[in-house]
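Here is the structure we will look at.
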Amino acid sequence: VRVTEIGIPFLRNICMAFDARLWRSDSLSKAYNVSRDIQKTYIERARLAKAQKIG
Numbered sequence: 034v035r036v037t038e039i040g041i042p043f044l045r046n047i048c049m050a051f052d053a054r055l056w057r058s059d060s061l062s063k064a065y066n067v068s069r070d071i072q073k074t075y076i077e078r079a080r081l082a083k084a085q086k087i088g
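Here the sequence shown is numbered in this note's numbering, starting from 34 and rising by one per residue.
Printed below as a string of structure tokens:
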């Protein structure tokens with residue numbers, strides 16, 4: 034299985050859905066916020082990489 038740079042945070046979000054320990058903890062909202070921030074970072078990096086390839 035290959036995951037693209039932009040797909041990494043999405044895969045992480047999918048895995049969070051199956052993490053029973055995370056669901057039992059109080060840190061679910063914190064984990065989601067961290068995941069969202071990571072996702073934004075990866076998307077921006079992918080956009081920059083694509084722009085460099087085009088330009």
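Beta carbons: idealized from backbone N, C-alpha and C, even for Gly.
Can you tell me where the alpha helix (DSSP H) holding residue i begins and where it ends?
{"i": "R45", "result": "I41 to A50"}
Give the C-beta separation of residue i and residue j to the nearest angstrom, bearing in mind that I take them to be a contact with Cβ-Cβ under 8 Å.
{"i": "R45", "j": "I71", "result": "7 Å"}
{"i": "A79", "j": "E38", "result": "5 Å"}
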